[in-house]
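Residue numbers (our numbering): 54 to 328.
Even glycine gets a Cβ: it sits at the ideal position worked out from N, Cα and C.
Bear in mind the structure is a predicted one, so any value in this text is a computation, not a measurement.
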Ligand code: PAF
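What follows is the structure, given as structure tokens:
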């Protein structure tokens with residue numbers, strides 16, 4: 054496996070090969086590695102590329118850009134073990150040699166709700182860097198985790214609308230034994246918070262159980278879930294039941310998804326469960 058820092062070197066290494074690509078911000082965990090293994094299976098004998106780049110454009114000024122862990126040496130070892138061939142780890146100057154004036158602006162209906170509502174500009178930052186990385190790597194497949202459910206949808210739509218010749222593959226969320234979705238931000242949690250964090254997926258399960266038992270008072274299901282978390286010290290942004298298709302309000306007989314974002318101490322956690 055090779056660690057490459059420049060666009061020119063990566064393009065020369067990949068030439069015209071059909072690659073599978075996993076974009077990341079590093080500080081990798083088993084969830085990322087399962088995406089890399091999925092990329093490995095998709096690529097067959099072709100190369101697997103993972104990028105590691107903490108993308109300033111998707112962080113608001115008050116967010117954790119500066120303290121986001123940079124762990125390249127350890128990440129590279131893990132990637133090698135998972136079957137990655139090339140790690141693309143550009144410096145900020147390489148990807149943004151001048152202020153990025155051209156941006157990819159996703160449609161508000163999908164990008165300004167939920168995550169986009171609480172993190173204005175987040176999906177513009179994500180789409181801009183992912184589009185740029187796609188242009189650099191020119192992969193045949195790209196793998197995104199369902200853990201970032203809305204991100205996966207936004208990227209799928211971008212690829213479809215921009216007619217990019219890339220197949221987007223969705224990776225299942227990896228959880229610890231207690232059900233906590235793995236996330237690079239779990240590293241910010243104390244021991245006590247790690248135990249408490251299990252409550253997020255448990256609360257989503259309660260919401261789903263109420264819906265599946267026939268309750269249709271969405272405001273009550275969502276509001277009571279929020280209140281339950283607030284009562285034990287969480288600061289929820291949203292706990293909602295939505296249609297999988299477009300994250301609109303649930304409709305009968307359609308596949309649904311429960312989504313949550315909530316702050317525990319100083320750490321913002323997100324999770325979702327399809328049902
Ligand atoms: O999901 C992430 O880690 C990031 O949003 C991504 C897709 C690597 C873009 O910076």
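1) So the candidates are 98, 156 and 297; which of them puts its Cα closest to the Cα of residue 193?
2) Between the C-alpha atoms of residue 123 and residue 278, what's the straight-line distance to the nearest angstrom?
3) Give me, in chain order, the residues of the same chain whose beta-carbon lies closer than 7 Å to that of residue 281; leave out the 5 immediate sequence neighbours on both sides.
4) Verify whether the separation of the beta carbon atoms of residue 118 and residue 102 is less than 9 Å.
5) Between residue 288 and the rest of its own chain, which residues show a CB-CB distance below 6 Å, the 5 nearest in sequence each way excluded?
6) What separation, rounded to the nearest whole angstrom, lies between the Cα atoms of residue 84 and residue 264?
7) Work out the CA separation of residue 145 and residue 151 for me, nearest whole Å.
8) Using only alpha-carbon positions, find the residue among 294, 254 and 247 that is nearest to residue 268.
9) Using 10 angstroms around the beta-carbon of residue 206, count the other beta-carbons present and answer buried if the total reaches 16, otherwise exposed.
10) Suppose you measure from the CA of residue 328 to the CA of residue 261; what does that come to, to the nearest Å?
11) Starting from residue 276, trace the beta strand (DSSP E) both ways and give me its first and last residue.
12) Going by alpha carbons, who is nearest to residue 82 out of 116, 55, 229 and 178?
13) Rounded to whole angstroms, how far is the Cβ of residue 326 from the Cβ of residue 224, which I believe are closer than 8 Å?
14) Taking DSSP as the reference, what is the three-state secondary structure of residue 197?
15) Shorter than 8 Å, the distance from the beta carbon of residue 143 to the closest heavy atom of ligand 1, or not?
16) For residue 59, which residues from the same chain have a beta carbon less than 8 Å from its beta carbon, with the 5 sequence-adjacent residues on both sides left out?
17) In this structure, how does DSSP classify residue 55 when only helix, strand and coil are distinguished?
18) How long is the line joining the alpha carbons of residue 321 and residue 121, rounded to whole angstroms?
19) Verify whether the separation of the beta carbon atoms of residue 393 and residue 129 is less than 9 Å.
20) Among residues of its own chain, excluding the 5 on either side of residue 93, which ones have a beta-carbon nearer than 6 Å to its beta-carbon?
21) Does the Cβ of residue 218 lie closer than 8 Å to at least one heavy atom of ligand 1?
22) Would you give the residue range spanned by the alpha helix (DSSP H) that residue 128 belongs to?
23) To the nearest whole angstrom, what separates the beta carbons of residue 179 and residue 111, a pair I think is in contact under 8 Å?
24) What residue from 306, 66, 220 and 272 has the CA that sits closest to residue 292's CA?
25) By Cβ distance, which residues of its chain are closer than 8 Å to residue 213, with the 5 residues on each side in sequence left out?
26) Assuming residue 54 and residue 153 are in contact, meaning their beta carbons sit under 8 Å apart, how far apart are those beta carbons, in whole angstroms?
In terms of the structure at hand:
1) By 1-based counting over the chain shown, the position of residue 193 is 140. Across the set 98, 156 and 297, the C-alpha of 98 shows the shortest separation from the C-alpha of residue 193.
2) For the purposes of this step, residue 123 is taken as the residue at position 70 of the chain shown. For the purposes of this step, residue 278 is taken as the residue at position 225 of the chain shown. Their backbone Cα atoms lie some 35 Å apart in a straight line.
3) Start at 1 with the first residue of the chain shown, and residue 281 comes out as number 228. Within the same chain, residue 281 has close Cβ partners 256.
4) As a position in the chain shown, residue 118 is number 65, starting the count at 1. As a position in the chain shown, residue 102 is number 49, starting the count at 1. No, these two residues do not count as a Cβ contact at 9 Å.
5) The residue labelled residue 288 in the question sits at position 235 within the chain shown. Counting only Cβ-Cβ distances below 6 Å, and skipping sequence neighbours, we find 316.
6) Residue 84 sits at position 31 when you count from the first residue of the chain shown. Residue 264 sits at position 211 when you count from the first residue of the chain shown. Cα to Cα, the separation comes out at about 29 Å.
7) On the chain shown, position 98 is the one that residue 151 refers to. On the chain shown, position 92 is the one that residue 145 refers to. Spanning the two alpha carbons is a distance of roughly 10 Å.
8) To locate residue 268, count along the chain shown from 1; it is residue 215. Comparing Cα-Cα distances from residue 268 to each of 294, 254 and 247, the minimum goes to 294.
9) Here residue 206 refers to the residue found at position 153 of the chain shown. Buried, since its Cβ has 16 or more Cβ neighbours within 10 Å.
10) Reading the chain shown from its first residue, position 275 is the one you call residue 328. Reading the chain shown from its first residue, position 208 is the one you call residue 261. Going from the Cα of residue 328 to the Cα of residue 261 covers about 7 Å.
11) Counting from 1 along the chain shown, the entry for residue 276 is found at position 223. It is not in any beta strand (DSSP E) - residue 276 instead sits in the alpha helix (DSSP H) that spans 271 to 284.
12) Numbered from 1 along the chain shown, position 29 holds the residue referred to as residue 82. Of the listed residues, the one whose Cα sits closest to residue 82 is 229.
13) What you label residue 326 is simply residue 273 of the chain shown in a count that begins at 1. What you label residue 224 is simply residue 171 of the chain shown in a count that begins at 1. Not really, about 15 Å apart at Cβ, beyond 8 Å.
14) Here residue 197 corresponds to residue number 144 of the chain shown, with the count starting at 1. In the structure shown, residue 197 sits in a strand (DSSP, three-state: E or B).
15) Position 90 of the chain shown, counting from 1, holds the residue named residue 143. For ligand 1, not one heavy atom lies less than 8 Å from the Cβ of residue 143.
16) What you label residue 59 is simply residue 6 of the chain shown in a count that begins at 1. Excluding residues within five positions, the ones whose Cβ falls inside 8 Å are 143 and 147.
17) Taking the chain shown and counting its residues from 1, one reaches residue 55 at position 2. Three-state DSSP puts residue 55 in a strand.
18) Within the chain shown, the letter at position 268 stands for residue 321. Within the chain shown, the letter at position 68 stands for residue 121. Straight-line Cα distance between these residues: approximately 13 Å.
19) Past the boundaries of the shown model lies residue 393; the chain is included only from 54 to 328, so the question cannot be answered.
20) For the purposes of this step, residue 93 is taken as residue 40 along the chain shown, with counting starting at 1. Excluding sequence neighbours, residue 93 sits near 101 and 136.
21) As a working mapping, residue 218 is identified with position 165 in the chain shown. Answer for residue 218: no, Cβ out of range of ligand 1.
22) For this step, residue 128 is matched to residue 75 along the chain shown. That run of the alpha helix (DSSP H) goes 125 to 134.
23) Translated into positions along the chain shown, residue 179 becomes position 126. Translated into positions along the chain shown, residue 111 becomes position 58. 5 Å between Cβ atoms; contact.
24) Locating residue 292 in the chain shown gives position 239, counting from the first residue. Checked all of 306, 66, 220 and 272; the closest Cα to residue 292 is 272.
25) Here the question's residue 213 lines up with position 160 in the chain shown. Cβ neighbours of residue 213 within its own chain (closer than 8 Å, five residues either side excluded): none.
26) Locating residue 54 in the chain shown gives position 1, where the first residue counts as 1. Locating residue 153 in the chain shown gives position 100, where the first residue counts as 1. That pair is no contact at about 29 Å.
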